[in-house]
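**Student:**
Number of protein chains: 2
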Amino acid sequence: MGGFGQFVRARREKLQKEDRSYSLRQVAGRIGVEPSYLSKVEREQVPPPSEETIIRLATALEVDSDVLLAMAGKVSSDLQEAIRRRPRLFAELIRELKGMPDRAVLRLVREVRDGDW
Amino acid sequence: MGGFGQFVRARREKLQKEDRSYSLRQVAGRIGVEPSYLSKVEREQVPPPSEETIIRLATALEVDSDVLLAMAGKVSSDLQEAIRRRPRLFAELIRELKGMPDRAVLRLVREVRDGDW
DNA sequence: CCAATTGTGTACTATGTAGTACACAGTACG
DNA sequence: CGTACTGTGTACTACATAGTACACAATTGG
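The listed protein sequences derive, respectively, from chains A and B.
Take 1 as the starting number for the first sequence in the working numbering and just add one per residue.
Take 1001 as the starting number for the second sequence in the working numbering and just add one per residue.
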């Protein structure tokens, strides 16, 4: 389902069609890992990389890093830290929201962002 | 700062004063770990236990498991899963809230909980 | 054609995680 | 008093994480 590796490969190959510098080797070089490793990651022969590597990969492929982390089964450490600082508050909020539809959460996000509440 | 081990020891010793069954050995027995391990955990000679063990410990010591997990530098996996399912939405919400005072977050929690929004 | 580049296979490694197993010395109390 | 329980020290283990290093065959492009 998740398909972290498949997603990365598809995204990279899409970019590669327009720009030859998106070869596996060159992307690996930019994000600072060995080509053989990125190859295995894309074919899901190994689990997804560390958070840091995923973020560099997201940047290189111009995708949202929170989304890519989620595909890898991870949550950004800065979000985790925010929760850890006020565990009861955030735990209750998130558990309350997790049963609600997207549009309800979105409305809340907007309310908070616009500050008109 | 964190003091996960110190907190656990303090909490256990407090309970132990009123109830001798809160000895390190007996608590270790109840949560299913070796006494020597719990001893090391309390003295912070080893990192905090796994999420599962922390939750059993929280139950045994009657403390909030989200709080105890937070002290261990962790976030409950069910919260993480909720975030992973809608990464953009939750990421934005949490990042927005992390700069706000407790009372603002609390107000939001209440609004959502009471459903009068 | 051949030189460079591409993706991949195999082998190996260092560090972290999450404990167990057991012996030991001190203390408590019936 | 001794026995049963207390906390702790030492040694060891299995598995996961997060990669590196290097050789190889296939493909591509000037």
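Backbone N, C-alpha and C fix where the C-beta goes; we use that ideal spot for every residue, glycine too.
Are the CB atoms of A58 of chain A and I1094 of chain B within a distance shorter than 8 Å?
**Tutor:** No, these two residues do not count as a Cβ contact at 8 Å.
**Student:** Would you mind reading off the limits of the alpha helix (DSSP H) that contains Q1045 of chain B?
**Tutor:** Q1045 of chain B -> no alpha helix (DSSP H), and no H or E assigned at all.
**Student:** Are three or more beta carbon pairs between the stretch 1044 to 1060 of chain B and the stretch 74 to 81 of chain A nearer than 8 Å?
**Tutor:** No: the two stretches stay apart, fewer than three of their Cβ pairs being nearer than 8 Å.
**Student:** Using a beta-carbon distance below 8 Å, is D66 of chain A in contact with chain B?
**Tutor:** Chain B contact via Cβ: present.
**Student:** Could you tell me the distance, in whole angstroms, from the CA atom of D1114 of chain B to the CA atom of V1033 of chain B?
**Tutor:** If you take the alpha carbons of D1114 of chain B and V1033 of chain B, they lie about 41 Å apart.
**Student:** Under 7 Å Cβ to Cβ from I1055 of chain B, same chain only, skipping five residues before and after it: list those, please.
**Tutor:** Here the set comprises S1065.
**Student:** Against G73 of chain A, what residues of chain B qualify as contacts under a CB-to-CB distance less than 8 Å, listed in chain order?
**Tutor:** Residues of chain B passing the Cβ test: R1084.
**Student:** Once DSSP output is grouped into helix, strand and coil, what is the label at M1071 of chain B?
**Tutor:** M1071 of chain B: helix per DSSP, three-state reduction.
**Student:** At the level of alpha carbons, what is the spacing between L89 of chain A and P35 of chain A?
**Tutor:** Rounded to the nearest angstrom, the two C-alpha atoms are 43 Å apart.
**Student:** For R1043 of chain B, I'd like the list of residues in its chain whose CB is within less than 7 Å of its CB, leaving aside the five on either flank, ordered along the chain.
**Tutor:** The answer, listed in chain order, is G1005.
**Student:** So with CB distances below 8 Å, who are the chain A contacts of D1102 of chain B?
**Tutor:** Correct list: R86 and L89.
**Student:** Which of the three DSSP states is assigned to E62 of chain A in this structure?
**Tutor:** It is coil, neither helix nor strand.
**Student:** Compare the C-beta of S21 of chain A with all C-beta atoms of chain B and state if any pair is closer than 8 Å.
**Tutor:** No, because no Cβ of chain B sits closer than 8 Å to the Cβ of S21 of chain A.
**Student:** Just checking: is the beta-carbon of V1105 of chain B within a distance shorter than 8 Å of some beta-carbon in chain A?
**Tutor:** True, the Cβ-Cβ gap to chain A drops below 8 Å.
**Student:** For R101 of chain A, count the other beta carbons within 10 Å of its own beta carbon; 16 or more makes it buried, fewer makes it exposed. Which is it?
**Tutor:** The residue you asked about is not Arg; residue 101 of chain A is Pro in the sequence shown. Exposed: under 16 other Cβ atoms inside 10 Å.
**Student:** Cβ atoms of V112 of chain A and L1106 of chain B: under 8 Å apart, would you say?
**Tutor:** No; because the gap between Cβ atoms is not below 8 Å, this pair is not in contact.
**Student:** Please go through the same chain and pick out, in chain order, the residues whose beta-carbon is closer than 6 Å to the beta-carbon of R1009 of chain B, but skip the five residues on each side of it.
**Tutor:** The residues are E1042.
**Student:** Tell me the DSSP secondary structure of R1056 of chain B in three-state form.
**Tutor:** Reduced to three states, the DSSP call for R1056 of chain B is helix.
**Student:** Closer than 7 Å to a non-hydrogen atom of the ligand HEM - does that hold for the CB of L1089 of chain B?
**Tutor:** Among the components of this structure there are no ligands whatsoever, and the ligand HEM is therefore not found.
**Student:** List, in chain order, every chain A residue whose beta-carbon is nearer than 7 Å to that of K1098 of chain B.
**Tutor:** In chain order: A82.
**Student:** Please state if the CB of S39 of chain A and the CB of L24 of chain A are separated by a distance shorter than 8 Å.
**Tutor:** Yes.
**Student:** Classify K1040 of chain B as helix, strand or coil using the three-state DSSP reduction.
**Tutor:** Looking at K1040 of chain B - three-state DSSP - the assignment turns out to be helix.
**Student:** How is the alpha helix (DSSP H) around K17 of chain A delimited, first residue to last?
**Tutor:** Here the alpha helix (DSSP H) through K17 of chain A covers F4 to E18.
**Student:** Might you give, ordered along the chain, the residues of its own chain that have their beta carbon closer than 6 Å to the beta carbon of Y3 of chain A, omitting 5 neighbours on each side?
**Tutor:** A small correction: the amino acid at residue 3 of chain A is Gly; Tyr does not occupy that position in the sequence shown. Counting only Cβ-Cβ distances below 6 Å, and skipping sequence neighbours, we find nothing.
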